[in-house]
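Undergrad:
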Amino acid sequence: MATETAGHAAEGGRFPPFDQIATTGVSQVFWLIVTFAVLYVAVAFVFLPKIRKAMEDRDGAIKSDVAKAAALSAKADESVKQFEAQIAAARANARDTASKAKAEADAKTAAETAKVEAELNARLASAEARISDTRAKAMTNVAAVAEDAAAAITERLTGVKPAAASVKKAVASVMGS
Amino acid sequence: MMVSTDPMHQFKIGKLFDLNIAGYDVSFTTSALWMVIGVLLLIGVLALATSKMATVPGRMQSLGEIWYGFIAGIVKDVNHAPGKPFIPLVFSLFSFIFIANIIGMFPYFFTTTSHIAVTGFMAIFTISLVVVVGLIKKGFGFFKIFVPSGVPVVLLFIVTPIEIISFLSRPISLGMRLFANMLGGHVALKVFAGFVPSLAVALGGLGMLMGGLLVMPLIVGVTALEFLVAFLQAYVFAMLTCVYLNDALGEAH
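If you read the sequences in order, they're chains A and B.
All you need for my numbering is the position in the first sequence, starting with 1, plus 322.
All you need for my numbering is the position in the second sequence, starting with 1, plus 12.
1) Excluding sequence positions up to five away, which residues of its chain have a Cβ less than 7 Å from the Cβ of B:F29?
2) Using DSSP with H/G/I as helix, E/B as strand and the rest coil, what is A:G334?
3) Going by C-alpha distance, which of B:E238, B:G206, B:A236 is nearest B:G223?
4) Would A:Q408 pass as an interface residue toward chain B - the criterion being a Cβ-Cβ separation below 8 Å?
5) For B:S126, go through chain A and note every residue whose CB falls closer than 8 Å to its CB, in chain order.
6) Which whole-angstrom value describes the C-beta separation of A:I373 and B:Y80, a residue pair presumed to lie in contact below a C-beta threshold of 8 Å?
7) List, in order along the chain, the chain B residues whose C-beta lies closer than 7 Å to that of A:K349?
8) Excluding five sequence neighbours on each side, which residues of the same chain lie with their C-beta closer than 6 Å to the C-beta of B:P94?
9) For B:Y80 and chain A, any beta-carbon pair shorter than 8 Å?
10) Nearest to A:V493 by CA position, among A:G481, A:I475, A:V360, A:V363, is which residue?
11) May I have the straight-line CA-CA distance separating B:D259 from B:V144, to the nearest angstrom?
12) Who are the Cβ neighbours of B:T253 in its own chain at under 7 Å, not counting the five residues just before and after it?
13) From the beta carbon of B:Q245, is the nearest beta carbon of chain A less than 8 Å away?
14) DSSP on A:Y362, reduced to helix/strand/coil?
15) For the stretch 185 to 210 of chain B, which residues have a CB atom closer than 9 Å to at least one CB atom of chain D, in sequence order?
16) Can you give me, in chain order, the residues of the stretch 376 to 399 of chain A that have a beta carbon less than 7 Å from any beta carbon in chain B?
17) Within 10 angstroms of the Cβ of B:H198, are there 16 or more other Cβ atoms? Answer buried if so, exposed if not.
18) Leaving aside the five residues before and after B:S43 along the sequence, list all residues of the same chain whose C-beta is less than 8 Å from its C-beta, in chain order.
19) Need the endpoints of the beta strand (DSSP E) that B:L190 sits in, please.
20) Alpha carbon to alpha carbon, how far is A:V388 from B:G196? Give it in angstroms, no decimals.
21) Would you grab the beta carbon distance between A:A473 and A:V489 for me? Rounded to a whole angstrom, and I think it's under 8 Å.
22) Can you tell me where the beta strand (DSSP E) with B:K27 in it begins and where it stops?
23) Pull the bridge partners of B:I33 from the DSSP assignment, please.
24) List the endpoints of the continuous alpha helix (DSSP H) containing B:L257.
25) Hey, does B:A34 have any beta-carbon neighbour from chain A nearer than 8 Å?
26) What does B:V130 touch in chain A if you count any residue whose Cβ is under 8 Å from its own?
27) Answer with yes or no whether the minimum CB distance from A:R336 to chain B is below 8 Å.
28) Unbroken alpha helix (DSSP H) runs of length 4 or more, entirely within the stretch 21 to 106 of chain B: which are they?
29) For chain A, is any of its Cβ atoms less than 8 Å away from the one on B:P289?
30) Check each candidate in B:N32, B:L201, B:L190, B:E77 and name the one with the smallest Cα separation from B:G233.
31) Determine the burial state of B:Y120: buried for a count of at least 16 other Cβ atoms within 10 Å of its Cβ, exposed for fewer.
32) Going by DSSP, what residue range makes up the alpha helix (DSSP H) through A:Q408?
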């Protein structure tokens, strides 16, 4: 019993965390301070700044990429707007050209129509003039034939040859012209 | 190596070589050896994690960033902006305790955090830091934490001593919690594990069967629990460090 207790005392007793404080407490705290100080210095001055920098760099890269994307998107929108404006201008231009061409064509058609109509009218007028001329000529011929016929009929019926002037007068009164 | 069935044997500190500085016995012991191994492991992992820093992180870099983000998250949640200078300290405390606890989970490895000398000194260091930082930041106003605002003057005679006692008990509870958890868990594991040979010796084949079927699953379960405790105690220590630091950094409450 006595040897067992002595043995335990030599090894640090029954409950080392308390029994060994007197013999190893200073050593434990000393090595704790040394090792923890080494860890703290390495962590605070080497490793954490590196990790923090990597994370900040990533944040920065993401932010700048997003900004770049936004700028490109704005540029694309601008291009689309420009393109649309160009299309609208081109469309207006085309409409203008088309309406101008149509107006020109209309004018040309109207002019041609007027010219043709005028020509036709002129020909119509000349044809009418010719007809009336012909008719007048034909009428004078009819009067001469009627006078001749009237003079011959009168001579055959009466035996007297009528005077040319009176025949002419009589025919004219009958014909009413 | 002779396997001892004594559950306390694992906590004995052996001397590896003598060292004396200014008359103090600071011999290199098994405890010191495992602290050195723990710190070397941490530095090795951190060196691997930070060897190739890329915008798109690799596995080790992700580990380092999650590790850092975890601690920075605690400090940010509890202390907000003024806590930023203390992130390396909380990171080191958490890592040191965590690696010590995890090393302790391996048979024949020594658990440095199972000794009150280590955990108690850490706790005293933390509370001293709180007092020093508080005095630097707030001067004499730091002691307002003992005098809660909005309490009637008569009650202050009761409340202030309670506040002082609760403040002074912090290093004790902080150090004791970690030490007791690590010690108790390892003792429980050892005792349960000791059941298996004990049963085998006492009951022969039947005892072996009982030990194998009933006790072994229990040991496996407790071992898993101890891994959780190893992490949890490191987390609790880091968390409480932040909470106590808030007395020095935060608004008076």
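Cβ atoms here follow ideal geometry from the backbone N, Cα and C, with glycine treated the same way.
The structure presented is a predicted model; accordingly, all values stated were derived computationally and were not measured.
TA: Reading from the atomic positions:
1) Counting from 1 along the second sequence, the entry for residue 29 of chain B is found at position 17. Cβ contact annotation for B:F29 (same chain, cutoff 7 Å, sequence separation greater than five): S39, F40, in chain order.
2) Working through the first sequence from its first residue, we reach residue 334 of chain A at position 12. Its pLDDT being 44, under 50, A:G334 is placed unreliably by the model, and the measurement read from it follows with that caveat. Reduced to three states, the DSSP call for A:G334 is coil.
3) Here residue 223 of chain B is taken as the residue at index 211 of the second sequence, counted from 1. For B:G223, the nearest C-alpha among the options comes from B:G206.
4) On the first sequence, position 86 is the one that residue 408 of chain A refers to. With 8 Å as the cut-off, A:Q408 does not count as an interface residue toward chain B.
5) The residue you call residue 126 of chain B lines up with position 114 of the second sequence. Going along chain A in sequence order, the residues near B:S126 (Cβ under 8 Å) are P339.
6) As a working note, residue 373 of chain A is residue 51 in the first sequence. As a working note, residue 80 of chain B is residue 68 in the second sequence. That pair is a contact at about 5 Å.
7) On the first sequence, position 27 is the one that residue 349 of chain A refers to. Here residue 349 of chain A is Ser; the residue named in the question, Lys, does not match the sequence. In chain order: D37, V38, S39, T41, A44.
8) Residue mapping note: residue 94 of chain B aligns to position 82 of the second sequence, counting from 1. Answer for B:P94: L261, listed in chain order.
9) If you number the second sequence from 1, residue 80 of chain B lands on position 68. Output row for B:Y80: interface = yes.
10) If you number the first sequence from 1, residue 493 of chain A lands on position 171. Ranking A:G481, A:I475, A:V360, A:V363 by Cα distance to A:V493 puts A:I475 first.
11) Locating residue 259 of chain B in the second sequence gives position 247, where the first residue counts as 1. Locating residue 144 of chain B in the second sequence gives position 132, where the first residue counts as 1. B:D259 and B:V144 have their C-alpha atoms some 11 Å from each other.
12) By one-based count along the second sequence, residue 253 of chain B stands at place 241. For B:T253, where only same-chain residues beyond five positions count, the Cβ hits under 7 Å are V102, L105, T138.
13) In the second sequence, the residue the question calls residue 245 of chain B occupies position 233. No, B:Q245 lies away from the interface with chain A (no Cβ there is under 8 Å from its Cβ).
14) On the first sequence, residue 362 of chain A is found 40 positions in, with the first residue counted as 1. Reduced to three states, the DSSP call for A:Y362 is helix.
15) The chain labelled as chain D is not found among the protein chains of the depicted structure, namely A and B.
16) Against chain B - using a Cβ distance shorter than 7 Å - the residues of the stretch 376 to 399 of chain A are A376, M377, D379, R380, A383.
17) Position 186 of the second sequence, counting from 1, holds the residue named residue 198 of chain B. Buried, because 16 or more other Cβ atoms sit within 10 Å of the Cβ of B:H198.
18) Translated into the one-based positions of the second sequence, residue 43 of chain B becomes position 31. The residues I25, F122, T124, H127, V130, in chain order, have a CB closer than 8 Å to that of B:S43 in the same chain once the five nearest residues on each side in sequence are set aside.
19) Indexing the second sequence from 1 puts residue 190 of chain B at position 178. Not the beta strand (DSSP E): B:L190 falls in the alpha helix (DSSP H), residues 165 to 215.
20) The residue given as residue 196 of chain B occupies position 184 in the second sequence. The residue given as residue 388 of chain A occupies position 66 in the first sequence. One C-alpha to the other measures close to 53 Å.
21) Position 151 of the first sequence, counted from the start, is the residue given in the question as residue 473 of chain A. Position 167 of the first sequence, counted from the start, is the residue given in the question as residue 489 of chain A. Taking 8 Å as the upper bound for CB-CB distance, A:A473 and A:V489 are in contact here, some 5 Å apart.
22) Within the second sequence, numbered from 1, the residue matching residue 27 of chain B stands at position 15. In the DSSP annotation of this structure, the continuous segment of the beta strand (DSSP E) that includes B:K27 starts and ends at 27 to 29.
23) Taking the second sequence and counting its residues from 1, one reaches residue 33 of chain B at position 21. Paired residues: B:Y36.
24) Position 245 of the second sequence, counted from the first residue, corresponds to residue 257 of chain B. 228 to 261 is the extent of the alpha helix (DSSP H) around B:L257.
25) Translated into the one-based positions of the second sequence, residue 34 of chain B becomes position 22. In terms of beta-carbon proximity, B:A34 stays away from the interface with chain A, with every pair separated by 8 Å or more.
26) The count along the second sequence starts at 1 and reaches residue 130 of chain B at position 118. Under the 8 Å cutoff, chain A gives Q350, V351, L354.
27) To locate residue 336 of chain A, count along the first sequence from 1; it is residue 14. Closer than 8 Å: yes.
28) Listed in chain order, the complete alpha helix (DSSP H) runs (minimum 4 residues) inside the stretch 21 to 106 of chain B are 42 to 61, 71 to 91.
29) Since the displayed chain B opens at 13 and closes at 265, residue 289 of chain B lies outside it and no answer follows.
30) Indexing the second sequence from 1 puts residue 233 of chain B at position 221. Residue B:L201 is the option with its Cα nearest to B:G233.
31) Counted from its first residue, the second sequence places residue 120 of chain B at position 108. By the neighbour-count criterion, in which a residue is buried when 16 or more other Cβ atoms sit within 10 angstroms of its Cβ, B:Y120 is exposed.
32) By one-based count along the first sequence, residue 408 of chain A stands at place 86. From DSSP, the alpha helix (DSSP H) with A:Q408 extends over 370 to 480.
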